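Visitor: Below are the structure tokens for one structure; questions will follow.
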Amino acid sequence: MNMAAVAIHNPRPSVTPDHEVIIIGAGISGIGAAIQLRADGIKDILILERSKDVGGTWRDNRYPGIAVDITSFTYSFSFEQNANWSRVFAPGNELYQYTRQVTSKYGIYPLIRFGVEVASARFDLDSHVWLIDLTDGRRLSARHIVSACGGLISPKMPDIEGLDTFQGNVIHTARWPDDLDLSDKRVAVIGTGATAVQLIPKIAGKARQLDVYQRTPIWVLKKPDHSLPGWLKTLFRTVPGLQRTLRGATDTASETLMVLSAIYYRQAPWLVRMCEKAGINNLREQLPNRKDLWEKLTPKYGFGCKRPTFSNDYFRTFGRDNVELVTTPIKRITSRGITTEDGRSRRIDTLILATGYKTFEKGNIPSFDVIGSNNINLGDFWHDYRYQAYEGLTIPGYPNFYIMLGPYALIGTSYFKMVEGNAIHLSRCIREANRRGASQVEIRQSVHDAYFRNIQKRQQNTVFLNHNCALSNSYYFDHHGDAPMLRPSTSLEMLWRAKHLPMDHYRFSVLAGHTPSRHDGGRQACEPHPQLPEKGIPAKQTDNNSQ
Numbered sequence: 001m002n003m004a005a006v007a008i009h010n011p012r013p014s015v016t017p018d019h020e021v022i023i024i025g026a027g028i029s030g031i032g033a034a035i036q037l038r039a040d041g042i043k044d045i046l047i048l049e050r051s052k053d054v055g056g057t058w059r060d061n062r063y064p065g066i067a068v069d070i071t072s073f074t075y076s077f078s079f080e081q082n083a084n085w086s087r088v089f090a091p092g093n094e095l096y097q098y099t100r101q102v103t104s105k106y107g108i109y110p111l112i113r114f115g116v117e118v119a120s121a122r123f124d125l126d127s128h129v130w131l132i133d134l135t136d137g138r139r140l141s142a143r144h145i146v147s148a149c150g151g152l153i154s155p156k157m158p159d160i161e162g163l164d165t166f167q168g169n170v171i172h173t174a175r176w177p178d179d180l181d182l183s184d185k186r187v188a189v190i191g192t193g194a195t196a197v198q199l200i201p202k203i204a205g206k207a208r209q210l211d212v213y214q215r216t217p218i219w220v221l222k223k224p225d226h227s228l229p230g231w232l233k234t235l236f237r238t239v240p241g242l243q244r245t246l247r248g249a250t251d252t253a254s255e256t257l258m259v260l261s262a263i264y265y266r267q268a269p270w271l272v273r274m275c276e277k278a279g280i281n282n283l284r285e286q287l288p289n290r291k292d293l294w295e296k297l298t299p300k301y302g303f304g305c306k307r308p309t310f311s312n313d314y315f316r317t318f319g320r321d322n323v324e325l326v327t328t329p330i331k332r333i334t335s336r337g338i339t340t341e342d343g344r345s346r347r348i349d350t351l352i353l354a355t356g357y358k359t360f361e362k363g364n365i366p367s368f369d370v371i372g373s374n375n376i377n378l379g380d381f382w383h384d385y386r387y388q389a390y391e392g393l394t395i396p397g398y399p400n401f402y403i404m405l406g407p408y409a410l411i412g413t414s415y416f417k418m419v420e421g422n423a424i425h426l427s428r429c430i431r432e433a434n435r436r437g438a439s440q441v442e443i444r445q446s447v448h449d450a451y452f453r454n455i456q457k458r459q460q461n462t463v464f465l466n467h468n469c470a471l472s473n474s475y476y477f478d479h480h481g482d483a484p485m486l487r488p489s490t491s492l493e494m495l496w497r498a499k500h501l502p503m504d505h506y507r508f509s510v511l512a513g514h515t516p517s518r519h520d521g522g523r524q525a526c527e528p529h530p531q532l533p534e535k536g537i538p539a540k541q542t543d544n545n546s547q
């Protein structure tokens, strides 16, 4: 089916939409949502992807050294284990190929229209249908839409004077060119987050000189990475349950390290202290004779305030003669180099920006305009009234709309866990609407508000509000001072709630004048639009229980 066959040229809304479900994005979350919906018997699905293939972040990112920072046994769909990973922490190209293999195996490719970008989506109250406008001027309609655009899709450029005047190569790690040659070049890297930790050791041996500009150091633990021998892969394929057992072990380790230490900080601060000690030991073991660098490379904020990472050679790279760690703030970028606040200028040929991505900020999540039944742009609502969504998925005033990476949705262990939980949840909503003969499903305002209050209460126990996180410059935090990236719960709780939360938490409605089903309690039309909440007092990045 080509796009012309599904486009609407008549702007008047129709009660019968083009598709029951339109998923926007064909990365991990879009693929996962489609697989779950099809498994549950929902067949009328269209996926819109602006790029030319599936894979999302793993398709787009190609910088040297890219790899998962959670073991591959955990960082994958639970229902589709891969016996052929080359390493415990698989390189990025293997994750890209994994997404393609899963998409093919589960028959998702025929559902996807590539090269299609969404400009906006508006809910039409007269038809209970979402009207989706594409950037090429065409329009589609759907009863339900799933925003599966991901979060790490828009590179974040640094706000540094003179960046546009530099005459050499300027490269953001998210847009790495395949033909880039750094041999005998003077290179500067701005940023020392998780991406830089993977990149810097890979390019240090090629560059004539490598200057690394650090604003905030990062916690780095030892990486228990090993190549996986052929005999083990054979066992994975031939012994049922072996890989699932190993996944269970890596899940437990990751959950303890990446989740429990962060969300239960007040109850178990010793766990964070243990991780911090391991990070300091890793630094000193890699640079035993460079005590002058220990202080510069040791974070002043608590473990977990920003995403930690793993490496066995990142710190060691700063012991090379051709690598310099620069911690003096940058004053400006010139046509030929970088000048720091102390007046020193360093000449460079290539500037690499390892400055990360936009996350929870207006224009990124969601990445297109979403106008609900309340006639309010979702991006504006979140920007003004704090990021909030029931179970990280649904929002009052935006019926039949599900956002895979919503506020407080992501589980710290694995993106795949969040995807599986949210896919189960949204599929239950759509199937329950069909069972009741309803054309609209919307989370009740009172249920949503109680959930958000509980989230904020739980946040008080996390490392984010208790351990010098204001010093971390973490993308976990938004402009309200909240930390909406991570859900303050374990993955087991998240999955249990997705499978068992009461469907009566939602309001199911039919169009006015239609005969409601017997399950709908006699309801014939939508309830009035929910009122906007009062602007909440932002949570502060202060140290309520500091060292």
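So in UniProt numbering, spot 241 of the sequence shown is number 241, and the numbers just go up one at a time.
Every residue, glycine too, gets a C-beta built ideally from N, C-alpha and C.
Fair warning: this is a prediction, and the values are worked out from it, not measured in the lab.
1. Let's test the definition: count the other Cβ atoms within 10 Å of the Cβ of residue 328 and tell me whether it reaches 16, buried, or not, exposed.
2. Between the alpha carbons of residue 221 and residue 262, how many angstroms are there, rounded?
3. At the 9 Å Cβ level, is residue 331 part of the contact set with chain B, yes or no?
4. Cutting at 6 Å between CB atoms, please list the residues of its own chain near residue 426, excluding the five before and the five after it.
5. Is it the case that the Cβ atoms of residue 487 and residue 404 are separated by a distance below 9 Å?
6. On the three-state DSSP scale, how would you describe residue 416?
7. With residue 553 as the anchor, note down where its alpha helix (DSSP H) starts and where it stops.
8. With DSSP as the reference, label residue 430 as helix, strand or coil.
9. Evaluate residue 493 with the Cβ neighbour count: other Cβ atoms within 10 Å of its Cβ, from every protein chain shown; 16 or more gives buried, anything less gives exposed.
10. Got a sec? Which residues, its chain only, sit under 7 Å from residue 155 by beta carbon, not counting five neighbours each side?
11. Please check the pair residue 98 and residue 76, which I expect to be a contact at CB under 8 Å, by giving their CB distance rounded to whole angstroms.
12. Using the three-state DSSP reduction, which class does residue 93 fall into: helix, strand or coil?
13. By DSSP, does residue 10 sit in helix, in strand, or in coil?
14. Taking all protein chains shown into account, decide if residue 19 is buried (16 or more other Cβ within 10 angstroms of its Cβ) or exposed.
15. Is the CB-CB distance between residue 246 and residue 293 below 9 Å?
16. Return the chain-ordered list of same chain residues with a C-beta closer than 6 Å to the C-beta of residue 308, the five sequence neighbours on each side being excluded.
17. Which residues mark the beginning and the end of the alpha helix (DSSP H) in which residue 196 is found?
18. Return the first residue and the last residue of the alpha helix (DSSP H) that residue 233 is part of.
19. Do residue 105 and the ligand PLP come close, with the Cβ less than 8 Å from some heavy atom?
20. Considering only the beta carbon of each residue, do residue 65 and residue 198 sit closer than 9 Å?
21. Quick one: what's got a C-beta closer than 6 Å to residue 46's C-beta in the same chain, skipping five residues either side?
22. What's the C-alpha gap between residue 495 and residue 391?
23. When you compare each of 211, 481, 32, 305 to residue 353 by their alpha carbons, which one comes out closest?
24. The beta strand (DSSP E) that contains residue 130, what's its start and end?
25. Hey, out of 183, 235, 370, 230, whose CA is closest to residue 134's CA?
26. Quick check: what's the CA-CA separation for residue 37 versus residue 428?
27. Flag this pair as touching only if the stretch 501-510 and the stretch 437-444 have three or more C-beta atom pairs under 8 Å; answer yes or no.
28. Got a sec? Which residues, its chain only, sit under 6 Å from residue 448 by beta carbon, not counting five neighbours each side?
29. Pull up the distance between the alpha-carbon of residue 203 and that of residue 285, whole angstroms please.
30. From 377, 385, 490, 50, pick the residue whose C-alpha is nearest to that of residue 117; which is it?
31. Between which two residues does the alpha helix (DSSP H) containing residue 445 stretch?
32. Residue 360: buried (16+ other C-beta within 10 angstroms of its C-beta) or exposed?
33. Apply the 10 Å Cβ neighbour rule to residue 164 and answer buried if 16 or more other Cβ atoms are within range, or exposed otherwise.
34. According to DSSP, is residue 549 helix, strand or coil?
35. Rounded to a whole number of angstroms, what is the C-alpha to C-alpha distance between residue 136 and residue 115?
36. Are residue 35 and residue 109 touching if we call contact CB-CB under 9 Å?
Guide: Quick look at the numbers:
1. exposed
2. 16 Å
3. Protein chain content of the structure displayed is limited to a single chain, and chain B is not contained in it.
4. 402
5. no
6. helix
7. Absent from the structure is residue 553, since the part of the chain shown begins at 1 and ends at 547.
8. helix
9. exposed
10. 172, 174, 175, 357
11. 7 Å
12. helix
13. Any reading at residue 10 must be qualified, since the residue scores a pLDDT of 38, below 50, and its modelled position is unreliable; the value itself is stated next. Coil, per DSSP.
14. buried
15. no
16. 219
17. 194-203
18. 230-238
19. Among the components modelled here there is no ligand, and therefore nothing to report on the ligand PLP.
20. yes
21. 19, 22
22. 11 Å
23. 211
24. 129-134
25. 370
26. 9 Å
27. yes
28. 390, 396
29. 22 Å
30. 50
31. 445-459
32. buried
33. exposed
34. Summary: the structure shown does not reach residue 549, with the chain confined to residues 1 through 547, and so no result is reported for it.
35. 10 Å
36. no
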